[in-house]
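Here is the structure we will look at, set down as structure tokens.
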Amino acid sequence: MALDIFLAATMGYLLGSVPFGLVITKAAGLGDIRSIGSGNIGATNVLRTGRKDLALATLLLDGGKGAIAVGVAGLLGWRPEIAGAAAFLGHCFPAWLGFKGGKGVATFLGTLIAIQFFAGLAACLVWLATARLTRISSLSALVAAAAAPLVMFVSGRPAAAAATLFMTALIFVRHRPNIERLLAGAEPRIGTSKATDDGAEPSTA
């Protein structure tokens, strides 16, 4: 059991820590994505390069690495929820980038979908509904993250619910600047391209 947890966590972290946003933009000749906009490696900052195709690829790959970690762990008989949570942790704190990564929303949703499809789908729908009502991406992410552990628990997956709660807590920590701006009524809405004063992204991936 302990070995399975260790292997799942190690594999998940290494996969999750691959900085696809950085790799893709460098391969496309756009330089270091950390030198523009918010400095984040997520899809939102990649979008600031003007390349929607690269932003979409980053979004799918960041979500996919969480899903792949869960799938590989399941096939090998390890703990898939541990692998998914570790992939999420790797995205937020990649060792290769001095532990300065993204905010993890795409990887979080990809992990949820792979662990329990309907729970992940519910979180995505909550994000979409909140975004439609408020046009604030960070708030949408926070609401979806808050709802996810409850949905996972109701689905009858207590271990997965615990892993989801861990990821949810970390999403709130990573979004602290966004929460401060939300409370001040200063959080940018979807469609605004200007980076905020502290360099944080208004929309997070």
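For the sequence shown, the numbering used here puts the final residue at 219, and the numbers step up evenly by one.
Heads up, the beta-carbon is just placed ideally off N, CA and C, and yes, glycines get one too.
Just so we're clear, the structure is a prediction, and the values are computed from it rather than from any experiment.
Taking only three categories from DSSP, how would you classify residue i?
i, result
"D212", "Confidence at D212 is low in this model, with a pLDDT of 38, below 50, so the placement of that residue should be treated as unreliable; the coordinate-derived value is given next. Of the three classes helix, strand and coil, the one that applies to D212 here is coil, per DSSP."
"V86", "helix"
"K40", "helix"
"P191", "helix"
"A81", "helix"
"W141", "helix"
"I204", "coil"
"D76", "helix"
Leaving aside the five residues before and after residue i along the sequence, list all residues of the same chain whose C-beta is less than 7 Å from its C-beta, in chain order.
i, result
"G85", "A128"
"G64", "none"
"F102", "G30, G80, G118, T121, F122, T125 and M181"
Answer yes or no: do residue i and residue j have a C-beta to C-beta separation smaller than 7 Å?
i, j, result
"A175", "M181", "no"
"S31", "P108", "yes"
"R195", "R149", "no"
"I38", "A16", "no"
"H105", "S152", "no"
Between which residues of its own chain and residue i is the CB-CB distance below 6 Å, once the five residues before and five after are set aside?
i, result
"A133", "L126, V165, M166 and S169"
Beta-carbon within less than 8 Å of residue i's beta-carbon, same chain only, minus the 5 sequence neighbours each way: which residues are those?
i, result
"M25", "A83, V86, A87, W92, A97 and A100"
"N50", "The sequence as given places Ile at residue 50; Asn does not occur at that position. Around I50: N59, R62 and T63."
Legend entry - Segment contact, 8 Å Cβ cut-off, at least three pairs: the segment 49-58 with the segment 91-102: no
### Query
When the Cβ atoms of the segment 74-90 are set against those of the segment 117-132, are three or more pairs found closer than 8 Å?
yes
| said: Is it the case that the segment 156-163 contacts the segment 133-143, given that we only count it when at least three CB pairs across the two stretches are under 8 Å? | reply: The segment 133-143 vs the segment 156-163: in contact.
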